[in-house]
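Residue numbers (the numbering used here): 4 to 219.
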């Protein structure tokens, strides 16, 4: 379980997140909606310590995450960025395998074998050796998802994963995420698209006035 306790975050003179507490449970896909600038993406950055909270606690399986220990837990927290954040000078295979090699210390052979299996599941095997710069937006998003999922994280964070996609790819990404989230994984997806939220989520939340409120 992931617990957020009394999280406060101020940016400039504005308190973006105001004493927020919420429990996230394995096996659930949470979609966080709300107005732009309301703190949705900031909350993801707090969870993975890209932008730590001013105060409060992030607790994963009864262990508080801190700046001192976050590097130990970071491989357990997958992140799919809005702009994909892929290595442009690498192939699809190299991108998906990169975390296995550099974070989990897999051999290149083991990493490539596991990465290939995920790439095939996402129906991108014909792009295995293509450079990232040659891919469409939808293909890049699938590579970004594969790179996170291959690490078998406890938590998967997605920041606006459909923002650059056409309607067909939006539906495809929803299906992929639902198909890959396991009973022991927590998925938290920030999105401004209510239709996508309804497609993918088991629980829909709204970020409002610095708090998370349940919609369904």
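Backbone N, C-alpha and C define an ideal beta-carbon position, used for all residues, glycine too.
- Task: Give a yes or no on whether the C-beta atoms belonging to residue 177 and residue 140 are separated by under 8 Å.
- Result: Taking the chain shown and counting its residues from 1, the one referred to as residue 177 is at position 174. Taking the chain shown and counting its residues from 1, the one referred to as residue 140 is at position 137. Not closer than 8 Å, so no.
- Item | As assigned by DSSP and simplified to three states, the class of residue 194 | Working through the chain shown from its first residue, we reach residue 194 at position 191. DSSP places residue 194 in coil when its eight states are reduced to three.
- Item | residue 43 vs residue 193 beta-carbon contact at 8 Å | Against the chain shown, residue 43 aligns to sequence position 40. Against the chain shown, residue 193 aligns to sequence position 190. Contact: yes.
- Task: Note down, in chain order, each residue of its chain lying with its Cβ closer than 8 Å to the Cβ of residue 143, except the 5 sequence neighbours on either side.
- Result: Along the chain shown, one-based indexing puts residue 143 at 140. Closer than 8 Å at Cβ, skipping near neighbours: 87, 89, 135.
- Task: Ignore the nearest five residues each way along the sequence and tell me which others in residue 19's own chain have a CB closer than 7 Å to its CB.
- Result: Here residue 19 is taken as the residue at index 16 of the chain shown, counted from 1. Excluding positions up to five away in sequence, the list reads 12, 13, 42, 45, 213.
- Task: Determine, using beta-carbon pairs with one atom in the region 200-219 and one in the region 29-39, whether at least three such pairs fall under 8 Å.
- Result: yes
- Message: Residues in the same chain with beta-carbon distance under 8 Å from residue 91, minus the five sequence neighbours each way, listed in chain order, please.
- Response: The count along the chain shown starts at 1 and reaches residue 91 at position 88. The answer, listed in chain order, is 134, 135, 136.
- Pick out whichever of 68, 202, 149, 157 has its Cα sitting closest to the Cα of residue 282. With the chain represented from 4 up to 219, any question about residue 282 goes unanswered, as that position is not in the structure.
- Within the 8 Å Cβ cut-off, does residue 116 reach chain C? Absent from the structure: chain C. Only one protein chain is present.
- Query: What span of residues does the beta strand (DSSP E) with residue 31 cover, start to end?
  - Reply: Residue 31 sits at position 28 when you count from the first residue of the chain shown. Note, residue 31: premise wrong, no beta strand (DSSP E); not H, not E.
- Message: For the region 173-192 against the region 96-104, do three or more pairs of beta-carbon atoms, one drawn from each stretch, fall closer than 8 Å, so that the two count as touching?
- Response: no
- Query: For the alpha helix (DSSP H) that contains residue 163, what are its first and last residues?
  - Reply: Residue 163 sits at position 160 when you count from the first residue of the chain shown. Premise fails: residue 163 is in no alpha helix (DSSP H) and is neither H nor E.
- Task: Identify which residue in 4, 191, 155, 78 has its Cα closest to the Cα of residue 66.
- Result: Along the chain shown, one-based indexing puts residue 66 at 63. Out of 4, 191, 155, 78, 4 has the C-alpha closest to the C-alpha of residue 66.
- Query: Is residue 154 near residue 40, with beta carbons less than 8 Å apart?
  - Reply: Taking the first residue of the chain shown as position 1, residue 154 is located at position 151. Taking the first residue of the chain shown as position 1, residue 40 is located at position 37. Not closer than 8 Å, so no.
- Residue from 115, 198, 179, 157 with nearest C-alpha to residue 28: Against the chain shown, residue 28 aligns to sequence position 25. Comparing alpha-carbon positions, the option among 115, 198, 179, 157 lying closest to residue 28 turns out to be 157.
- Message: In whole angstroms, give me the CA-to-CA distance for residue 124 and residue 99.
- Response: Within the chain shown, the letter at position 121 stands for residue 124. Within the chain shown, the letter at position 96 stands for residue 99. Their Cα atoms are separated by approximately 13 Å.
- Task: Throw me the rounded Cβ distance for the residue 115 and residue 96 pair, which I believe falls under 8 Å.
- Result: As a working note, residue 115 is residue 112 in the chain shown. As a working note, residue 96 is residue 93 in the chain shown. Confirmed, about 6 Å.
- Extent of the continuous alpha helix (DSSP H) run through residue 50: Locating residue 50 in the chain shown gives position 47, where the first residue counts as 1. Counting along the chain, the alpha helix (DSSP H) containing residue 50 begins and ends at 43-50.
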